[in-house]
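Start counting the sequence shown at -6; every next residue gets the next number (the working numbering).
C-beta: ideal position from N, C-alpha, C; glycine also.
What follows is a set of notes on a single structure, which appears directly below.
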Amino acid sequence: MQFDASRQRIEEASALVAGGVNSAFRQGIAPHPLVFTAADGPILTDLDGNRLIDYFLGMGPMLLGHRPAPVVEAARAQLDRSILVAGQTELEYAAAQILADLVPSAELVRFAVSGSEAVQAALRVARAVTGRSTVVKFEGHYHGWFDNVLWSVAPDLGDAGPAEAPVPVPGSAGQQPTDGVVVLPWNTPEPLAERLAANDVAAVIMEPVMFNNAGILPRPGYLEAVRAACDATGTLLVFDEVITGFRVAPGGAQQLYGVTPDLTILGKALANGFPVAALVGRREPMSALVGKVLHGGTYNTQSVAMAATLATLTEIAGGEPHRRIAVTGTRLMEGLRKEFADAGVDAQIVGFPAVFQVRFDTGQPRDYREALVADRAGYARFAARLLEHGVRVLPRGTWFVSTAHDDEHVDETLAAVRAVLAERK
-6 MQFDASRQRI EEASALVAGG VNSAFRQGIA PHPLVFTAAD GPILTDLDGN
44 RLIDYFLGMG PMLLGHRPAP VVEAARAQLD RSILVAGQTE LEYAAAQILA
94 DLVPSAELVR FAVSGSEAVQ AALRVARAVT GRSTVVKFEG HYHGWFDNVL
144 WSVAPDLGDA GPAEAPVPVP GSAGQQPTDG VVVLPWNTPE PLAERLAAND
194 VAAVIMEPVM FNNAGILPRP GYLEAVRAAC DATGTLLVFD EVITGFRVAP
244 GGAQQLYGVT PDLTILGKAL ANGFPVAALV GRREPMSALV GKVLHGGTYN
294 TQSVAMAATL ATLTEIAGGE PHRRIAVTGT RLMEGLRKEF ADAGVDAQIV
344 GFPAVFQVRF DTGQPRDYRE ALVADRAGYA RFAARLLEHG VRVLPRGTWF
394 VSTAHDDEHV DETLAAVRAV LAERK
């Protein structure tokens, strides 16, 4: 496949739009950022007319595929009623009720526009209700692009200090100082328990499954140990389920693993492509949002976006999306394992039918540093070659699967993988 029209358009647009893109995460993808003209089901069409089977899925949101009828119809109907009212509609209350039914921690709900913003609200709530200022995050975990959490997301080990006591490494030029953020290794309970013993930490925030970086699962008993350490020290536990929410289970990783945090960040699949996120949590800390902790936003619960949210959550609550993806995603994962094994490629496929990670290694890493032994550059080259065969996957190794992917798309994908692996010989 050729991508010349996209390349030329990006070059032209760069004179007006910085880098030709509006998110840094779209910039470093080989062969260059693409420009798209249409999306339907699991298929993208780009400016060159290429048809691509999509496993980016908007970097996770499109659980029901691109333009699913229930979501499109709900959004279109809402356009005839209202767009933005600077007030409330029944849509947000109905959506909140489904969240409360699905997500174990969701006793109270606040909607937002982005996961990055909802993270900030969660940390503000935690500081307010505990009277403390320190926040613990984990090396390799991503919680949005704001200064106070963009630390040690993908640090160079030359800058990161010892494994047992990481040095916070900024993720961008121009960041403010760490400002009370402590970075610890993930999946090992002892360093966290030791740090929390000082009784000065407001919140521990984590991805319950490390999908933003290497796709590492929590070790047996780890989440329970974190929950116990937080309980013993009066620290709030915050799960960032922007990726895992609605994908690993209808109620997220907390439902799957049986560990309930105090606060939860939701986004991405929550509205199937519309800009909606949520902060949900136990009634006690969330009640601080009433008259004590300020959280606002002009576009919070924008009517069309909430219609899409309600339609998406209604589909998820019905159970069919997860039943369908369980079959398709499992077949894809098993097919990939076979293709890599047949080609003699050392690869690990880790995760769940709706979201999994492909790593070029043979180990089972426990944390960010152990995952660095994987052949990340080799996988990125594989992803770039796969694009030329009509399959679009993230170069970092995360694959998202939707209800729109079917056996035919899986067969096409595996054939493309087979062809790329044959080219390596």
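Exercise. In its own chain, which residues sit with a C-beta less than 7 Å from the C-beta of R330, not counting the 5 before and 5 after it?
Worked result: I342
Problem set entry | Contact the stretch 232 to 240 vs the stretch 69 to 85: 3+ CB pairs below 8 Å | Not touching, per the Cβ criterion.
Problem set entry | Whole-angstrom C-beta distance between V146 and R188, which should lie under 8 Å | That belief does not hold up - the Cβ atoms of R188 and V146 are roughly 19 Å apart, past 8 Å.
For this session: For the alpha helix (DSSP H) holding R19, just list the boundary residues, first then last.
Result: Taken as a continuous stretch (DSSP letters only), R19 belongs to no alpha helix (DSSP H), as it is neither H nor E.
Problem set entry | For A304, three-class secondary structure by DSSP | Helix, per DSSP.
Exercise. How do the stretch 247 to 259 and the stretch 202 to 222 stand: do at least 3 beta-carbon pairs fall below 8 Å, yes or no?
Worked result: yes
Problem set entry | Alpha carbon of V64 to alpha carbon of P24, nearest angstrom | If you take the alpha carbons of V64 and P24, they lie about 32 Å apart.
Exercise. G383 to P178, Cα distance in whole Å?
Worked result: 38 Å
Exercise. If we count the other Cβ atoms within 10 Å of its Cβ and call it buried at 16 or more, is A207 buried or exposed?
Worked result: A207 is buried by the Cβ-count criterion.
For this session: With DSSP as the reference, label G426 as helix, strand or coil.
Result: Examination of residue 426 is not possible in this model, given that the chain is present from -6 through 418 alone.
Problem set entry | Top-ranked residue by Cα proximity to K285, from V122, A190, D404 and R385 | V122
Exercise. Which one of A270, A336 and Q350 has the shortest CA to CA distance from V413?
Worked result: Closest by alpha carbon: A336.
For this session: Verify whether the separation of the beta carbon atoms of L27 and S7 is less than 9 Å.
Result: no
For this session: Identify, in the order they occur along the chain, each residue of the same chain with its Cβ nearer than 8 Å to the Cβ of P184, setting aside the five sequence neighbours on each side.
Result: E157, A158, L177 and P178
Exercise. Using the C-alpha atoms, what's the distance from L101 back to A281?
Worked result: 11 Å
Problem set entry | One or two residues paired with K130 in a DSSP bridge | V176
Problem set entry | First and last residue of the uninterrupted beta strand (DSSP E) at L259 | L256 to L259
For this session: Closer than 7 Å by C-beta to A31: which residues in its own chain qualify, once you throw out the five before and the five after it? Chain order, please.
Result: T38
Exercise. So which of L77, P161, P346 and F353 has the shortest CA-CA distance to G390?
Worked result: F353
For this session: Indicate whether the contact test is met: 3 or more Cβ pairs, each with one atom in the stretch 47 to 62 and one in the stretch 256 to 272, closer than 8 Å.
Result: yes
For this session: Would you mind stating whether T484 and V194 have Cβ atoms separated by less than 9 Å?
Result: This structure does not reach residue 484, given that the chain is present from -6 up to 418, and the question cannot be answered.
For this session: Below 7 Å CB to CB, which residues in the same chain sit around H136 once its five sequence neighbours on both sides are set aside?
Result: V112, K130, V142, I198 and D233
For this session: Could you spell out where the beta strand (DSSP E) holding A340 opens and where it closes?
Result: No beta strand (DSSP E) contains A340, which DSSP labels as neither H nor E.
For this session: Check T30 in the structure and name its three-state DSSP category.
Result: strand
For this session: Can you give me the Cβ contacts of A67 inside the same chain, cut-off strictly under 8 Å, excluding the 5 residues immediately before and after it?
Result: A300, A301, L303 and A304
Exercise. Taking the DSSP output, what are the residues bridged to W144?
Worked result: P163
Exercise. In the stretch 85 to 119, which residue ranges form an unbroken beta strand (DSSP E) of at least 3 residues, counting only runs that do not cross its ends?
Worked result: Annotation: the stretch 85 to 119 contains the following complete segments of the beta strand (DSSP E) (minimum length 3 residues), in chain order: 101 to 105.
Problem set entry | Alpha carbon of G260 to alpha carbon of M52, nearest angstrom | 11 Å
Exercise. If you scan the stretch 319 to 374 from start to end, which runs of the beta strand (DSSP E) of 3 or more residues do you find wholly inside it?
Worked result: Whole beta strand (DSSP E) segments, 3+ residues: 341 to 345 and 348 to 352.
Problem set entry | With 16 other Cβ atoms within 10 Å as the buried cut-off, status of L287 | exposed
Exercise. According to DSSP, is R385 helix, strand or coil?
Worked result: strand
Exercise. Between which two residues does the alpha helix (DSSP H) carrying M279 extend?
Worked result: R276 to M279
For this session: Compute the distance between the beta-carbons of D360 and N180, then report whether it is under 9 Å.
Result: Taking 9 Å as the Cβ cut-off, D360 and N180 qualify as a contacting pair.
Exercise. Rounded to a whole number of angstroms, what is the C-alpha to C-alpha distance between L325 and P278?
Worked result: In this structure, the straight-line span from the alpha carbon of L325 to that of P278 is close to 41 Å.
For this session: Tell me whether the beta-carbon of H402 lies closer than 9 Å to the beta-carbon of P35.
Result: yes
For this session: Throw me the rounded Cβ distance for the A394 and I309 pair, which I believe falls under 8 Å.
Result: Here the sequence assigns Val to residue 394, which means Ala is not the residue at that position. The Cβ separation is near 14 Å, so there is no contact.
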